[in-house]
Amino acid sequence: MYDMGISNLLAHRHSLTIVKGFLFLTLMSFALISKGQAEQDQTDTIEDYLTAIDGLEAEHGAYSSQLSDLYLGLGTSYASKTEYSDALAAFQRGMQIERVNFGLNSLSQTPYLTSIADTESNLGNQEKSLKALNQVYQISAKNYGGADSRMVPVINSLIDWHMNIYFQQRPKVGYSNLVMSERLANEMHSILDGNVSLDHADGSSYYRRIADLHYIIADHITKHGEPSETGFTVSTGPDSRRRSEARTSYRHFHRGKAALERVVQATIEQDNSTAYDQASMIADLGDWYLLFGQKLSAIKTYQLADETLDSDENAENSRQSLFGSPKIIEFGIKKQNQDSIPSENESMSVQVSMLISESGVASGFDLTNELDSLTDNEMKLLKKYFRGKRFRPHLVERQPQESTLIVNYDRPVIGVED
Numbered sequence: 127m128y129d130m131g132i133s134n135l136l137a138h139r140h141s142l143t144i145v146k147g148f149l150f151l152t153l154m155s156f157a158l159i160s161k162g163q164a165e166q167d168q169t170d171t172i173e174d175y176l177t178a179i180d181g182l183e184a185e186h187g188a189y190s191s192q193l194s195d196l197y198l199g200l201g202t203s204y205a206s207k208t209e210y211s212d213a214l215a216a217f218q219r220g221m222q223i224e225r226v227n228f229g230l231n232s233l234s235q236t237p238y239l240t241s242i243a244d245t246e247s248n249l250g251n252q253e254k255s256l257k258a259l260n261q262v263y264q265i266s267a268k269n270y271g272g273a274d275s276r277m278v279p280v281i282n283s284l285i286d287w288h289m290n291i292y293f294q295q296r297p298k299v300g301y302s303n304l305v306m307s308e309r310l311a312n313e314m315h316s317i318l319d320g321n322v323s324l325d326h327a328d329g330s331s332y333y334r335r336i337a338d339l340h341y342i343i344a345d346h347i348t349k350h351g352e353p354s355e356t357g358f359t360v361s362t363g364p365d366s367r368r369r370s371e372a373r374t375s376y377r378h379f380h381r382g383k384a385a386l387e388r389v390v391q392a393t394i395e396q397d398n399s400t401a402y403d404q405a406s407m408i409a410d411l412g413d414w415y416l417l418f419g420q421k422l423s424a425i426k427t428y429q430l431a432d433e434t435l436d437s438d439e440n441a442e443n444s445r446q447s448l449f450g451s452p453k454i455i456e457f458g459i460k461k462q463n464q465d466s467i468p469s470e471n472e473s474m475s476v477q478v479s480m481l482i483s484e485s486g487v488a489s490g491f492d493l494t495n496e497l498d499s500l501t502d503n504e505m506k507l508l509k510k511y512f513r514g515k516r517f518r519p520h521l522v523e524r525q526p527q528e529s530t531l532i533v534n535y536d537r538p539v540i541g542v543e544d
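First residue of the sequence shown: 127, per this note's numbering; consecutive thereafter.
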């Protein structure tokens, strides 16, 4: 009887294995068919563009203004198939047509130049990529004036481009993109201060972006250091490097603080801002102080934010929202185009309890559900993650207090990096 049960169990497991294998092969077949269909659709689209281009050229000539859009679409289709050389040729041809029809400094060249920059970057030609971006800047400056407020969105888009490339590179390779972004951010700050009124609808968001960028740069230097330059140096010892990095970090603290102070001023200047809006921006400034170790300044700023809520109609609810429990301080620019990739090893969420000190440091980590468990490596990574964060502390009567925080944490599917 016992042997019979084992046999049935083995047979059942064998049948399940066959069914799972069949389902896996079926899903793989569907995936391959879908991929093949998508590739065929892309090929058909390219053929459609080429046919349309041939027809327009035959009827209206090689420099018809209608051709440039077709070349932009053709280049985009080639790029989607990673056929970057063909994509580059199409974008360059479209830009040439725009110049012939609308002039060497026409703003209509911008989408072609940015597409050329992307394509050159994908081909590994970083200098040519930067040259195309510089043309975008120069053309905009000639049309608007270098200090005109209309340059701000242009500069912002260039920062976007550099940050997108930075996130795609290894940190030390991408540092040059941070340097370029900082130069652009400094120029943006100058234009905002000189030519954009504080009550402008988008002013505060641009100032906040500047602060976010300076946080990324400071964080990069903390984690990876500054690249050493070739050539003669007075000292290459670790103490000298640490002093240099500390000075650099302070520079980014100062510039980010200046930007956040403008965010506060801009929020106050806006007619429709509430006491809560203003207090929230002031609290963000307090967060900035805390991130850079300026505890006393952070507390004073949090207290000012709390005082600002005195005039709020729902003061207690607002205080609870801003200071009722600790919150992770978040600055930085998020990566673009982050598509989630399905995995058999989906991350599992666990609930974690921790103590947050008066200065926003996490310790005393415990899992709240006794059924949950983490390996030693997973717990090590959890602690590393939360200890690397700073938290806005809980305030009681305008004084920071140690308090408990319970959060959900997605258990990673990989081990701890060295």
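All C-beta atoms, glycine included, are put in the ideal place defined by N, C-alpha and C. As the structure is a computational prediction, the values presented were derived from the model and not from experiment.
- In this structure, Met314 and Val278 form a Cβ contact; the two beta carbons are roughly 6 Å apart against a cut-off of 8 Å.
- Using a Cβ distance threshold of 8 Å, Ala431 and Gly412 count as a contacting pair.
- Between Phe217 and Ile242 a beta carbon distance of about 5 Å is seen, short of the 8 Å cut, so the two are scored as contacting.
- Per DSSP, reduced to three states, the secondary structure at Phe491 is strand.
- In this structure, DSSP gives Lys515 a state outside helix and strand, which the three-state scheme calls coil.
- Taking a C-beta distance under 8 Å as the contact criterion, Ser330 and Ala392 qualify as a contact pair.
- For Ile459, no beta strand (DSSP E) run applies, since DSSP gives it neither H nor E.
- Here Ser451 carries a coil assignment [DSSP, helix/strand/coil].
- The Cβ atoms of Gln477 and Thr501 do not sit closer than 8 Å to each other.
- By the 16-neighbour rule on beta-carbons within 10 angstroms, His186 is exposed.
- Ranking Ser489, Asp403, Ile343 by CA distance to the CA of Thr374 puts Ile343 first.
- Shown here, Gln222 sits in a helix according to DSSP, grouped into three states.
- With distances taken between CA atoms, Thr348 lies nearest to Phe379 out of Arg445, Ser529, Phe379.
- Asn443 counts as exposed, since fewer than 16 other beta carbons sit within 10 angstroms of its beta carbon.
- Taking 8 Å as the cut-off, the Cβ atoms of Ala273 and Gly320 count as close.
- Look at Val478 here: in three-state DSSP terms it is strand.
- Cβ contact annotation for Met221 (same chain, cutoff 6 Å, sequence separation greater than five): Gln235, Tyr238, in chain order.
- Taking the Cα positions, Glu496 is about 15 Å away from Val533.
- Listed in chain order, the non-local C-beta contacts of Gly199 below 6 Å within the same chain comprise Tyr175, local neighbours out to five positions each way being set aside.
- Contact annotation: Leu448 and Ala424 have beta-carbon atoms that are not nearer than 8 Å.
- A straight line joining the alpha-carbon of Gln446 with that of Leu417 spans about 22 Å.
- The residue from Met289, Phe517, Asp498 with its alpha-carbon nearest to that of Leu481 is Phe517.
- In the three-state scheme derived from DSSP, where H, G and I count as helix and E and B as strand, His520 is classed as strand.
- Pro526 sits in a strand when the DSSP states are folded into three classes.
- Gln429 and Gln527 have their C-alpha atoms some 13 Å from each other.
- Of all alpha-carbon atoms in Asn303, Lys453, Ala327, Arg335, the one lying nearest the alpha-carbon of Val487 is that of Lys453.
- If you draw a 10 Å sphere on the C-beta of Ala327, you find fewer than 16 other C-beta atoms in it, and that means exposed.
- Annotation for Ser283: the continuous alpha helix (DSSP H) segment containing it runs 277-294.
- Beta-carbon to beta-carbon, Ser479 and Asp492 are separated by about 5 Å, close enough to satisfy the 8 Å threshold.
- With respect to the 8 Å criterion, Ile172 and Tyr197 are not classified as neighbours on the basis of their beta carbons.
- Counted as a single uninterrupted DSSP element, the alpha helix (DSSP H) harbouring Val299 occupies residues 297-321.
- Here Gln261 is buried: its Cβ has 16 or more other Cβ atoms, across all protein chains shown, within 10 Å.
- The alpha-carbon of Ser206 is positioned some 33 Å away from that of Tyr270.
- Annotation for Leu233: no alpha helix (DSSP H) segment contains it, and DSSP assigns it neither H nor E.
- When Leu233, Glu183, Thr245 are compared, the shortest CA-CA separation from Glu209 is found for Thr245.
- The beta carbons of Thr434 and Gln396 sit about 15 Å from each other, so the pair does not count as a contact at 8 Å.
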